[in-house]
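Below: one structure, written as structure tokens.
Numbering (our numbering), first residue to last: 54 to 719.
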């Protein structure tokens, strides 16, 4: 067991180690702040202050970082760091003594007999960020803070430009930033209480810092150098015991109540874990992480698929809803998400995004509608809410009816067709887009085409038929033939999908071609509530996945024995797309694997303990990469370097779900 995530000088003073660990704060509105624990930005998506811009899913990075230093007896001591071509400057990481994550990201900055505590948080439900600098011990110092601005999309970069000319004004203890094409915001400097005396001034001495290097982007063969604008510096005389605050707000003159805000944030974070149905330290950490994915905007509650740069994916929201919402006691949010999802259906298919005007593949995917049925099923199992189930029943029936009769929807730049074959199995086809969750593509090239009958789609289809039969009997007294169709589907599935040569399931069938690559999708034939696979085949499937796909941090998306296996998720965009579902480890797959394992081997105390052992490496991972959360993916081969997003909703959700459903504690 580990306690709250924290690091000392042995990590912070070694740049090659500390630079790989990243913190994350969110505000429940879709905005975030993130950076390395050393303060050196390594991604273009690292930022201190991000604001919404226009449509609910669009954000803009306003403040990228701060350069922090103090003057002590005419000696400058730096506390910040940043990479530039061929060097790191300043080297403030050498003056970091401690970092801890809870309740907020917190650093102790130290040099000789001087110690300053730095704390950062975003206000829940507000587009407001707060930085606190508390003088813990040592002589009085002059604190020097330089904000670095970009006012850009989080995924873009800027070079020196004229947008900032005359757009930022110093007004007393406040900077007012009104850059054309970006939301306006203020940076206010103040002492924590009125009784604390001190001098604050802002020097308007603008300068461009050129060629900041983002090492993570460089590794991924992206543009990795950027110029950032510094409008001036904030100077404050800080006495022992005093606390200086910087408040970032979209308001020109925000009404600031620091003590009240801190208490509100402490309450919000306690509340995030008080209704959690999972016991143990990993459950508590994942519950806090889950809270970061829940967002609210003008269209209601939603689940962000990950950070720092992910969107509101319908498929991912439904896949992780049982863990993110149900295992944490957020039944109201779950109802709202499912209601909103049901409104985005067309022809029995569901839009790929929660934002129907988003630039994604629209309705061109087979499985979101079937994940919707599963999410409703999971909700009812957790909430026992018959009234809500009755409300969702027409939408569940619409999905099943549309799939059985055949449906097709044209989305932006694509078309998706779904039909039931004579054997009862589902065939998906599309033009130019992937149909399942293995959806990596670049410029129209699909990295993992899985046309025809995908194995997990059949498993989801059978589960949907059985659940629809169940609720029709419950409310109508008859199942309208869905049970008979389900039996036909199960018979066909076990006839056509079983690969006796390897004791596993074919991954997909297209015409007479049966794709026999060992992939994790077969696990859904065991892990879903209604199992399409015959019971005597549970253990062979789990054993094959355990042997070929399991790693300590998730499951590989393809067996290393396959010729098109990719061991490392790196390189340019096409290389990364090629590897993403062809060997890369996906952390969320530990969920269906453990559910299938418990079904195959039995839900006794000994097997629960074995399942806990599977989770122990995940417990250690929360102190790595995105600290306090779980990375999206890892390289397929050891040492399984973390890749992708630093915080993944499916991973956190699936771990919470399986721990809650199987009674696991760690």
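Glycine included, every Cβ here is placed at the ideal spot set by N, Cα and C.
Since this is a predicted model, take the numbers as computed values, not measurements.
With contacts defined as CB atoms closer than 8 Å, residue 449 and residue 401 fail to qualify as a contacting pair. In this model, residue 121 and residue 219 are separated by some 25 Å (Cα to Cα).
Residue 650 and residue 614 have their C-alpha atoms some 22 Å from each other.
Counting C-beta pairs closer than 8 Å gives three or more between the region 167-182 and the region 297-316, which meets the contact rule. With a cutoff of 8 Å on beta-carbon distance, residue 311 and residue 199 are scored as not near each other. Of 569, 222 and 604, the smallest CA-CA separation from residue 284 is found for 222. Close CB contacts of residue 95 within its chain, under the 7 Å cut and outside five residues either way in sequence, are with 72, 89, 267, 268 and 269 (chain order). With a cutoff of 8 Å on beta-carbon distance, residue 142 and residue 86 are scored as not near each other. The C-beta distance from residue 351 to residue 370 rounds to 17 Å, too long to fall under 8 Å, and the pair is not in contact. Taking C-beta atoms under 8 Å as the contact rule, residue 680 and residue 76 qualify, at a distance of about 6 Å.
Distance between residue 429 and residue 648, taken at the CA atoms: about 18 Å. Cβ-Cβ separation between residue 493 and residue 633: approximately 4 Å, consistent with a contact (criterion under 8 Å).
The criterion of a C-beta distance shorter than 8 Å is not satisfied by residue 711 and residue 343. Taking the Cα positions, residue 653 is about 7 Å away from residue 595. With fewer than 16 other beta carbons inside 10 angstroms of its own, residue 484 counts as exposed. For residue 543, the closest of 508, 364 and 316 by C-alpha to C-alpha distance is 508. One Cα belongs to residue 669, the other to residue 677, and the distance between them is close to 14 Å.
Three or more pairs of CB atoms, one per stretch, sit closer than 8 Å, so the region 132-151 contacts the region 247-265. For residue 143, the enclosing beta strand (DSSP E) stretches over residues 140-144. Taking 3 residues as the shortest admissible run, the region 205-250 contains the following complete beta strand (DSSP E) segments, listed from N- to C-terminal end: 221-224, 227-230 and 238-244.
When DSSP reads this structure, residue 701 sits in a beta bridge with 359.
Per the Cβ contact rule, the region 325-333 is not in contact with the region 229-242 (fewer than 3 Cβ pairs under 8 Å). By the Cβ rule, the region 634-646 counts as touching the region 601-617, because three or more pairs are nearer than 8 Å. Going by DSSP, residue 385 is part of the alpha helix (DSSP H) stretching over 384-395.
Looking at the backbone, the Cα of residue 697 and that of residue 385 are separated by about 30 Å. DSSP places residue 695 in the strand class (E or B) of the three-state scheme. When secondary structure is reduced to three states using DSSP, residue 63 falls in the helix class.
Of the residues assessed, residue 528 falls on the exposed side of the cut-off, its CB having fewer than 16 other CB atoms within 10 angstroms.
Per the DSSP secondary-structure output, residue 481 pairs in a beta bridge with 471 and 505. The Cβ atoms of residue 358 and residue 702 lie closer than 8 Å to each other.
Taking a cut-off of 8 Å for Cβ pairs, the region 58-71 and the region 145-152 touch, as three or more such pairs fall below it.
Residue 76 sits in a strand when the DSSP states are folded into three classes. Taken in chain order, the whole alpha helix (DSSP H) runs of length 4 or more contained in the region 293-369 are 311-327 and 334-344. The region 575-589 and the region 502-520 touch, with no fewer than 3 CB-CB distances between them shorter than 8 Å. Nearest Cα to residue 463 within the set 403, 225, 335 and 656: 403.
In this structure, the CA atom of residue 325 is about 17 Å from the CA atom of residue 314.
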